[in-house]
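Chemist: Handing you a structure now.
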Amino acid sequence: VFAFFCLIMTNLDVVIPVKDEAPNITQLVKRLHQALKSHKLDYRLIFVDGHSQDATLKKLQSLSSKYPIVVKIQSETLGKAQAIREGVQMAQTEYVALIDGDLQYAPENLLDLLKLIPDCQVVLGNRKHSTETFTRKLVTFINRHIFSRLFLGLSYDIQSGIKIVKKDLPQEEIRVMLL
166 VFAFFCLIMT NLDVVIPVKD EAPNITQLVK RLHQALKSHK LDYRLIFVDG
216 HSQDATLKKL QSLSSKYPIV VKIQSETLGK AQAIREGVQM AQTEYVALID
266 GDLQYAPENL LDLLKLIPDC QVVLGNRKHS TETFTRKLVT FINRHIFSRL
316 FLGLSYDIQS GIKIVKKDLP QEEIRVMLL
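Just so it is clear: in the sequence shown, position 4 is 169 by my numbering, and no numbers are missing.
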């Protein structure tokens, strides 16, 4: 299945919303590069910065001399959802990967999600191990069990921090497959 996928897709834009992620940026970029290049994918990392107060932008500027990185400062409308929207608007590939910049999701897992692309137009990752704080786990639990399950009838977190979506996907054609 993966070999078939590689023949179809040769490039991928990866949107990464960040804010004050300087400690994670270098490792994230290197791991994404290694994973995507190991499968001969040309890629572009689109970082949307939510007005970081640390060295995030400085690190991204430094890394951009070696890796295909585009940096966008988020508009005045703040928040992760807006950062993702702005990043996806910049994307030029048919499918767009989304991953949080905090390394809560292993960048290498994008390869597992990519395997499902011929069959799915949206693929959500589902984290099995977490290093989140109790408060974050509580918010995730509420999101998964109240919003996703009660309102949408889904048993997984639709706010997953790692996913791949078809860029111009009509809402009525969304088909979700879990990893």
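Glycine residues also receive a C-beta, built at the ideal position from the N, C-alpha and C atoms.
(1) Count the other C-beta atoms from every protein chain shown that fall within 10 angstroms of the C-beta of LEU172, then say buried if there are 16 or more, exposed otherwise.
(2) Apart from the five residues on each side of it in sequence, which residues of its chain come closer than 8 angstroms, Cβ to Cβ, to PRO272?
(3) Could you spell out where the beta strand (DSSP E) holding ILE264 opens and where it closes?
(4) If you draw a straight line from the C-alpha of ASP178 to the C-alpha of GLY215, how long is it?
(5) So, at 6 angstroms on beta carbons, what are the nonlocal neighbours of SER217 in its own chain, with the 5 sequence-adjacent residues on each side left out?
(6) Taking the straight line between their C-alpha atoms, what separation do you get for LYS237 and MET174?
(7) Classify LYS202 as buried or exposed, calling it buried when 16 or more other Cβ atoms lie within 10 Å of its own Cβ.
(8) For PRO233, does the three-state DSSP call read helix, strand or coil?
(9) Can you check the segment 173-250 for any alpha helix (DSSP H) of at least 4 residues that lies completely inside it and give the ranges in chain order?
(10) For a test of the three-state rule: what should DSSP assign to LEU268, helix, strand or coil?
(11) To the nearest angstrom, report how far apart ILE329 and ILE181 are at their CA atoms.
(12) Taking just the CA atoms, how far does PHE212 sit from GLN191?
(13) Going by DSSP in three states, LEU281 sits in which element: helix, strand or coil?
(14) Excluding the five sequence neighbours on either side, which residues of its own chain have a C-beta within less than 6 angstroms of the C-beta of PRO188, listed in chain order?
(15) Which residue wins for smallest C-alpha separation from THR298, given the options GLN269, LEU289, ILE234?
(16) Is it buried or exposed, LYS231, if we count other Cβ atoms within 10 angstroms and call 16 or more buried?
Modeler: Once the coordinates are examined:
(1) Because LEU172 carries a pLDDT of 42, less than 50, the predicted location of this residue cannot be relied on, and the following value inherits that uncertainty. Exposed, since its Cβ has fewer than 16 Cβ neighbours within 10 Å.
(2) LEU193, ARG196, LEU197, ALA200, ILE264
(3) Looking at the DSSP string, the run of the beta strand (DSSP E) that includes ILE264 is 260-264.
(4) 19 angstroms
(5) LYS184, ASP185
(6) 25 angstroms
(7) With fewer than 16 Cβ atoms within 10 Å of its Cβ, LYS202 is classed as exposed.
(8) coil
(9) 187-203, 221-228
(10) coil
(11) 12 angstroms
(12) Looking at the sequence shown, residue 191 is not Gln but Thr. Between THR191 and PHE212, the C-alpha separation is close to 13 angstroms.
(13) Coil.
(14) none
(15) GLN269
(16) exposed
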